[in-house]
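Since the structure comes first, as structure tokens, the remarks are kept for the end.
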Amino acid sequence: MANALYIVPILAFLILIHEFGHFITARRAGMRVEEFGIGLPPRIWGKQRGDTLWSINAIPMGGFVRVLGEDGKNSENESMQSKTAGQRALFITAGSIMNFLTAFVLIAILLGVHGRPDAAAYIADVMPDTPAAEVGWERGDQIISVAGATVANAAEVVSITDDYIGSEMPVVIMRDGQRIETTIIPRENPPAGQGRTGIRIANVFTATIKVVEAPEGSAAAMAGLQPDDRIVSIGGERIDNVIAYDNAILERTGQTVPFEIMRGSQAQTLEVLIPEAPNEDSDPLGSTLAQEIHYERVGFLSVLPEAGQQFLTTLQRMGEGLIMLITGEVSLGDIAGPIGMGQLTSEIITESATPTWVTLLNITILLSLNLAILNLLPLPALDGGRLIFVIVEILRRGKRVAPEKEGMVHFIGLVLLLGLMFAIAFVDIDRIVSGDTLLQ
Numbered sequence: 280m281a282n283a284l285y286i287v288p289i290l291a292f293l294i295l296i297h298e299f300g301h302f303i304t305a306r307r308a309g310m311r312v313e314e315f316g317i318g319l320p321p322r323i324w325g326k327q328r329g330d331t332l333w334s335i336n337a338i339p340m341g342g343f344v345r346v347l348g349e350d351g352k353n354s355e356n357e358s359m360q361s362k363t364a365g366q367r368a369l370f371i372t373a374g375s376i377m378n379f380l381t382a383f384v385l386i387a388i389l390l391g392v393h394g395r396p397d398a399a400a401y402i403a404d405v406m407p408d409t410p411a412a413e414v415g416w417e418r419g420d421q422i423i424s425v426a427g428a429t430v431a432n433a434a435e436v437v438s439i440t441d442d443y444i445g446s447e448m449p450v451v452i453m454r455d456g457q458r459i460e461t462t463i464i465p466r467e468n469p470p471a472g473q474g475r476t477g478i479r480i481a482n483v484f485t486a487t488i489k490v491v492e493a494p495e496g497s498a499a500a501m502a503g504l505q506p507d508d509r510i511v512s513i514g515g516e517r518i519d520n521v522i523a524y525d526n527a528i529l530e531r532t533g534q535t536v537p538f539e540i541m542r543g544s545q546a547q548t549l550e551v552l553i554p555e556a557p558n559e560d561s562d563p564l565g566s567t568l569a570q571e572i573h574y575e576r577v578g579f580l581s582v583l584p585e586a587g588q589q590f591l592t593t594l595q596r597m598g599e600g601l602i603m604l605i606t607g608e609v610s611l612g613d614i615a616g617p618i619g620m621g622q623l624t625s626e627i628i629t630e631s632a633t634p635t636w637v638t639l640l641n642i643t644i645l646l647s648l649n650l651a652i653l654n655l656l657p658l659p660a661l662d663g664g665r666l667i668f669v670i671v672e673i674l675r676r677g678k679r680v681a682p683e684k685e686g687m688v689h690f691i692g693l694v695l696l697l698g699l700m701f702a703i704a705f706v707d708i709d710r711i712v713s714g715d716t717l718l719q
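Start counting the sequence shown at 280; every next residue gets the next number (the working numbering).
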């Protein structure tokens with residue numbers, strides 16, 4: 280669990296970036312910043328520099344920038360209340376804007392330095408009574424091309440599909456090594472969570488499948504598989520992603536099959552007996568596996584456009600997740616707070632064969648976007664809740680809500696928010712104590 284501690288500097292960095300956004304816009308607008316705080320009160324350390332008190336606080340869940348007049352009780356020239364609605368709206372949203380920008384920059388850096396994963400788009404699920412079900416698409420089909428354009432990931436499939444709403448769209452899929460040409464008509468207003476064609480798409484990365492553990496007594500250990508072995512082929516079938524591995528195993532249950540592996544720099548062939556009734560929830564051979572994902576170089580001129588595409592795709596998926604949370608499809612037990620994030624970070628680093636710095640950068644990107652979106656939700660005590668009051672003021676042609684009423688709303692919201700945080704922390708701790716995992 281030592282890897283869980285990585286979450287501490289990641290969250291500290293993202294909170295610092297978020298609050299710096301508020302700080303810099305406040306200063307640019309001529310507001311006096313009275314306190315820049317990391318964590319939530321009570322205060323455990325503080326240092327006054329000029330007009331600003333720099334503080335570290337006891338509750339490690341967030342941060343804040345307190346400006347003069349934020350409580351509505353001061354209208355001096357340097358107070359928040361003396362500024363226009365536009366200036367106050369920018370101040371309120373600046374933290375999330377900084378988190379969005381941070382995520383975009385980190386995506387671009389990752390693409391430029393490490394490249395893009397070599398991936399293929401597979402159908403992970405087909406909803407009943409949808410266009411996809413009608414044309415005969417099945418779970419496990421690989422999407423080769425859409426409207427004549429070769430596609431390599433879900434984002435490309437979705438982007439092209441959006442251009443064919445209500446029109447016939449040719450799609451080539453691969454099933455059991457056979458190319459199948461189909462034609463589908465994407466829907467204009469699909470039900471939430473179904474997409475225009477009624478499928479869920481998974482990006483399956485081209486990767487080397489590596490043995491992490493082969494427990495004593497498992498089929499893997501009895502066949503001679505060892506940690507760090509890399510699986511090249513099964514029964515003569517090349518293994519270059521997890522789908523190929525799973526299919527090769529499931530098609531050969533009860534058989535003794537030749538596994539071609541690389542052990543260090545030496546090629547070897549092992550005879551492996553695949554169990555008759557493999558466990559579908561884990562590796563049928565009883566081993567722990569990891570992927571060494573293959574990456575492609577991204578040209579300099581392509582970095583920013585691709586970063587933008589990845590940024591928007593990730594936002595879309597987070598939006599879908601938020602809808603699932605609102606509609607009750609996701610329970611409290613599926614949500615993680617800082618403690619759960621630490622657990623998840625540790626699990627991902629342990630299970631992934633990707634370099635640790637790449638994994639941490641990806642986690643930072645996701646958390647930065649999460650922090651930005653969370654703070655813009657129209658809930659009391661959050662930036663989005665404060666923005667609502669500015670919008671109400673604009674709609675009322677400059678008539679502000681009484682500071683006492685707004686303050687009471689935010690206070691109640693803060694109490695409820697802290698209660699939710701502690702409830703999530705309890706669930707996180709219970710999950711760890713119970714030995715449950717966040718990786719599904």
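Even glycine gets a Cβ: it sits at the ideal position worked out from N, Cα and C.
Check, Outcome
"The alpha helix (DSSP H) with Ala-368 in it runs from where to where?", "364-393"
"What residue does the beta strand (DSSP E) around Thr-487 start on, and which one ends it?", "486-492"
"Answer with buried or exposed for Gly-496, where buried requires no fewer than 16 other C-beta atoms within 10 angstroms of its C-beta.", "exposed"
"Give every residue of the same chain whose Cβ lies closer than 6 Å to the Cβ of Lys-489, excluding the five residues on either side of it in the sequence, and list them in chain order.", "Arg-509, Ala-569, Glu-571 and Ala-632"
"In the DSSP assignment, find the alpha helix (DSSP H) that holds Val-521 and state where it starts and stops.", "521-529"
"Select from Val-582, Gln-457, Val-450 and Ile-614 the residue whose C-alpha is nearest the C-alpha of Ile-464.", "Val-450"
"How many angstroms separate the CA atom of Arg-418 from the CA atom of Ala-431?", "17 Å"
"Determine the extent of the beta strand (DSSP E) in which Pro-410 is found, giving its start and end residues.", "Pro-410 -> not in any beta strand (DSSP E); alpha helix (DSSP H) instead, spanning 410-414."
"Ordered along the chain, which non-local residues of its own chain (more than five positions away) have a Cβ less than 8 Å from that of Arg-328?", "none"
"Can you tell me which of the three DSSP states Leu-319 falls into?", "strand"
"Have a look at Phe-379 and Ser-647 and give me their C-alpha separation to the nearest angstrom.", "7 Å"
"Please report the distance separating the alpha-carbon of Leu-604 from that of Leu-699.", "14 Å"
"Can you tell me whether DSSP reads Ala-481 as helix, strand or coil?", "strand"
"Go ahead and label Asn-336 buried or exposed: buried means 16 or more other beta carbons lie within 10 angstroms of its beta carbon, across all protein chains shown.", "buried"
"Kindly identify the DSSP beta-bridge partner or partners of Met-541.", "Arg-509 and Ala-546"
"Under three-state DSSP, which class holds Val-688?", "helix"
"Taking DSSP's pairing of strands, which residues face Pro-554 in a bridge?", "In the DSSP output, where bridge partners are listed per residue, Pro-554 has none listed."
"Please say whether Ala-387 and Ala-586 have beta carbons closer to each other than 8 Å?", "yes"
"Identify which residue in Arg-475, Gln-421 and Met-453 has its Cα closest to the Cα of Glu-447.", "Arg-475"
"Would you say the segment 477-484 touches the segment 401-416, given that touching needs at least three Cβ pairs under 8 Å?", "yes"
"Would Gly-342 be called buried (16 or more neighbouring beta carbons within 10 Å of its own) or exposed?", "buried"
"The beta strand (DSSP E) that contains Leu-332, what's its start and end?", "331-346"
"Sort Pro-584, Asp-715 and Val-491 by Cα distance to Leu-390 and report the nearest one.", "Pro-584"
"In angstroms with no decimal places, state the Cα-to-Cα distance between Arg-710 and Gln-545.", "42 Å"
"Please classify Lys-326: is it buried, with 16 or more other beta-carbons within 10 angstroms of its beta-carbon, or exposed?", "exposed"
"Check Val-536 in the structure and name its three-state DSSP category.", "strand"
"Out of Ile-376, Arg-542 and Pro-659, point me to the one whose CA is closest to Val-491's CA.", "Arg-542"
"Excluding the five sequence neighbours on either side, which residues of its own chain have a C-beta within less than 8 Å of the C-beta of Glu-458, listed in chain order?", "Sequence inspection shows Arg at residue 458; the Glu mentioned does not correspond to that position. Correct list, in chain order: Ile-423, Val-451 and Ile-452."
"Could you work out which residue in Pro-288, Ile-376, Val-577 and Val-688 is closest to Leu-653 when comparing CA atoms only?", "Ile-376"
"Run through DSSP, which three-state label would Gln-473 get?", "coil"
"Need the endpoints of the alpha helix (DSSP H) that Arg-307 sits in, please.", "286-307"
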